[in-house]
Structures are given as C-alpha cells and as structure tokens.
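Data block below; observations after.
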Amino acid sequence: MEENNPMINALYKILKTEFTKQPESKCIIFVRTRPIAKALITCIEESEVEKLHLNPKQLTGAGAAVELGGMTKATQEDTIASFRDGRCKVIVATSVAEEGLDIKACNLIITYNYSTNEIGQVQRQGRGRAKGSKMIILAYDDSSHIQREKSNIIRVKFTHDILQMLRQMDPEQLKKDIKKIQIRLKEDRGLEKLSAEFQSFKKHPSGNNIWTLLCKGCKTEVTKSDQFRHIEKQHHVVVDPKFEDKASCREVPIEQGKPVGFEQVIIGKVYCKECGHDWGVRMCHKKCPISVLKIAGFVLTCGEERVEKKKWKDSPFSVKKELAEADLRNILEHRKNKNGQNVENEEEDSDEEDIYGDIGNQVLSS
C-alpha cells in the first residue's frame, strides 16, 4: 500500500514529523466521504506512525445509518471528548467537522485530496487557532483541489478586504449605497423578465391565440388554452369549471398522497371519461383538489394547425397567469352546484373504497 500510494506516504511523513516534534499535538484530517475516512484510519492504524500512539478516530455526520458510516450524536460527542482530552490525537473527518460541532482548536489541519468552497476553508482554518498551528493541503499536483484551494485563498482575501472597507464607511452612506444597489438589481430583474417574455414570444409567435385541447385517445374536445393557470411556473392547472364533467378522477385520501411541494400533494390520477386516456394527476393544493395536466395527453388545435407536444416547455401557447384563489373558488362553486350538496349513497362509498385501493400504490410510486 505504502509503495503504491504516494499521498499516503506523504501523510505518514507529515504525521511523523509533527508528532515526533510535538507529541501532544492534535490533528484533524478532512476527507470527502465516509468510506475514505474509514479506510484512512485503517491505514494509519496499520502503519509505523501508530507507534506514536495517535489513536485515530472517525468523525462523520449523523445523516446516514451506522452500517453506512454514519454516527450517532452520542458517538460524535464521545469522539470529540476523547480528542479534547488527548486520548485521541487524530480525527479523520468529513465536512461535519467544518461547522456545527464543538471541536476545540488543534495544531494541524490536513485536507486529504479534498476541497470545498471559501466558506469551508475559513471554517477549517478556524479549527486551528492554537499557537503555531498550520493547515496543509495534500493533493496531487495536477489535481483540481489545488486550483480550487488557490481560488479559495483569493476569495477569502477579497472578502476580508471588502469587509474592512465596509467597516470604514459612514453607516448612513452605506445604507444609501445599498439602497441604490437594490434598486438597480430590481430594474435588472425587470429587464430579464421582459427579455424572457420576448424570447418566449419569438419561440411561440402564436402564443396569444386560443388553442383547443383534444383528448389524444378519442379526440373529444376537452378544454381551451386560456383555461390554464400555473403554480410557481411548474404545475399546469386546468381551471375550466366544465372540465370535470369530461374527466374521470381517481383519488386517495390526502394522508396517502405524495407531497410534491410546500402546499401540494398528489392524490390521484385524471383520465378521459370517454376512453380512459391518461390526462395527468389529481393534486391537492391549499386543501382544494385540482387537476394538473400533462400536455402529452392531448392533441392541440388552432385553426388549421394541429400539433402534439411531449413537454409543456414546447407548447405553442404560454400559460402566463398564476393560479389564484378566485380560480379555486370558481372550481369549488361549480362542484357545489353540480352536486347540489347531496350526500353520496352507500353504493358510491363502496365504489370509492375500491378506487382508493386501486390507485393508492400507483400514485405513491409515480
């Protein structure tokens, strides 16, 4: 192993030099992954360096199971305690030790074929506040880690210089300058939005036309393009009150649904009532069931033009309006009028249970 891995040899040399000179030194070695941390500890324990009684320990996050290299909070605290009192002199750690854990200053920080951004570099340096401490970057000459750490050094210095300059500025003038920057950024965002709208218009010159959506299965007319709204420019919702008269909606209870956003849960599927063709999904948004359609389920017509698209981004029309509460009220009002607030009979309840059983697994796995 030692003959074939120059980086391991370099690490042994660094540790031997440091702990021969200062036996009470403490070192943190940062690595990229849990398996590397485990392997590196094994290498140190099986090498001559362990004669220096380093007692290396692993320090990784609690996000993974123990069998996958994760650690419990108690094990983390025990490792840190042994490092603090000197029983353990070397910790091999993933990024969890860069922030958030109470690790006292040590003499030596080593990054083993590993680099992050300038924030991580500052955090690693913060672990080495002991007098005469140093940080060593251990990587191959042609490695991207070297270039990244050089860039980090430049960014850290630049940030430090900027902060020094800001501290010397008059507070009132600083507020005025920040306000100007905020106004300029807002104007820039407005220009970007106009540019995006112009590009969309160039891509879809007929985007303002009203398109008719036909079921791809049976060619029944379903709705019009002006009956769509978007949720955060992701989900395309049909708000046509008459749509549900043409659709067959199969739903599961919301607690069995699949969350897809802060206020959105997929609770079923939407099909053509005539032919059973798949139109999209049923979603609960702000506690209101709505239909989110996929454009691939339809044929789009406008005058003599007739097209089929697989993705909404390729649609010949754009959905500019965001789903509003007024749209939800209209949908609910139509359902109320349609049902006449009649209580479903026992036979319908029985059918609904069958639907839940049929669609539950399908929705959750989609």
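In full-length UniProt numbering, the protein residues as written are 1 to 366.
Backbone N, C-alpha and C define an ideal beta-carbon position, used for all residues, glycine too.
No experiment lies behind these values; they were computed from the predicted model shown.
Discussion item. Quick check: the region 289-298 against the region 211-224, are at least 3 beta-carbon pairs closer than 8 Å?
Written reply: yes
Practice prompt. Report the residue from LYS287, GLU325, ALA39 and ILE162 whose alpha carbon sits nearest the alpha carbon of PHE262.
Written response: LYS287
Worksheet item: Thinking C-alpha only, which one of ASN9, TYR112 and ASP78 is nearest SER49?
Response: First, the residue type needs correcting, since residue 49 is Val and not Ser in the sequence shown. For the residues ASN9, TYR112 and ASP78, the minimum Cα distance to VAL49 belongs to ASN9.
Discussion item. At the level of alpha carbons, what is the spacing between GLY190 and ARG184?
Written reply: 10 Å
Worksheet item: Hey, out of LYS320, CYS249 and GLU305, whose CA is closest to residue 382's CA?
Response: No answer is possible for residue 382: the residues shown for the chain start at 1 and end at 366.
Worksheet item: Looking only at its own chain, which residues have a Cβ that is under 6 Å from the Cβ of SER115, when we skip the five neighbours before and after it?
Response: HIS145, ARG148 and GLU149, listed in sequence order.
Worksheet item: Got a sec, what are the start and stop residues for the alpha helix (DSSP H) CYS88 sits in?
Response: Looking at the DSSP string, CYS88 is not in any alpha helix (DSSP H), and its letter there is neither H nor E.
Worksheet item: Under 8 Å between the Cβ atoms of LYS294 and GLY280?
Response: yes
Worksheet item: Residues in its own chain within less than 6 Å of LEU52 by CB, not counting five upstream and five downstream?
Response: PHE19
Item to complete: Identify whether ALA247 lies in helix, strand or coil by the three-state DSSP scheme.
Response: Strand, per DSSP.
Discussion item. Can you give me the C-alpha to C-alpha distance between GLN264 and CYS284, rounded to a whole angstrom?
Written reply: 6 Å
Worksheet item: Between the beta-carbon of LEU54 and the beta-carbon of LYS89, is there less than 8 Å?
Response: In this structure, LYS89 lies closer than 8 Å to LEU54 by Cβ.
Fill in: As assigned by DSSP and simplified to three states, the class of GLY268
strand
Worksheet entry | Residue from ASP78, LYS321, ARG32 and ARG34 with nearest C-alpha to ARG229 | The shortest CA-to-CA distance from ARG229 to any of ASP78, LYS321, ARG32 and ARG34 is the one to LYS321.
Practice prompt. Can you have a look at SER195 and say buried or exposed, based on whether 16 or more other CB atoms are within 10 angstroms of its CB?
Written response: By the neighbour-count rule (16 or more Cβ atoms within 10 Å), SER195 is not buried but exposed.
Item to complete: Output the distance between the C-alpha atoms of THR111 and ILE136, rounded to the nearest integer angstrom.
Response: 6 Å
Item to complete: Output yes or no for whether 8 Å exceeds the beta carbon distance between GLY86 and GLU45.
Response: Between GLY86 and GLU45, the C-beta gap is not smaller than 8 Å, which leaves the two residues out of contact.
Item to complete: Express the C-alpha separation of ARG282 and VAL270 in angstroms, rounding to a whole number.
Response: 6 Å
Discussion item. On the DSSP letters alone, give me the boundaries of the alpha helix (DSSP H) that ASP327 sits inside.
Written reply: 325-339
Practice prompt. Could you check if ASP177 is buried or exposed, using at least 16 other CB atoms within 10 Å of its CB as the buried criterion?
Written response: exposed
Worksheet item: If you draw a straight line from the C-alpha of GLN215 to the C-alpha of HIS277, how long is it?
Response: Correcting the residue type first, residue 215 is Cys in the shown sequence and not Gln. Going from the Cα of CYS215 to the Cα of HIS277 covers about 7 Å.
Worksheet item: Tell me the DSSP bridge mates of ILE28?
Response: ILE91 and ILE109
Practice prompt. Could you tell me which of ILE109, ILE80 and LYS246 sits nearest to GLU274, measuring between CA atoms?
Written response: LYS246
Discussion item. For a quick check, are the C-beta atoms of THR94 and VAL31 less than 8 Å apart?
Written reply: yes
Discussion item. I need the boundaries of the beta strand (DSSP E) containing PHE298, first residue and last residue.
Written reply: 298-302
Discussion item. Just to confirm, is the Cβ distance from ASP240 to GLN227 under 8 Å?
Written reply: yes
Worksheet item: Can you round the beta-carbon distance between LYS309 and SER318 to whole angstroms, since I take them to be within the 8 Å contact cut?
Response: Actually they are not in contact, since the Cβ atoms of LYS309 and SER318 sit about 13 Å apart, beyond 8 Å.
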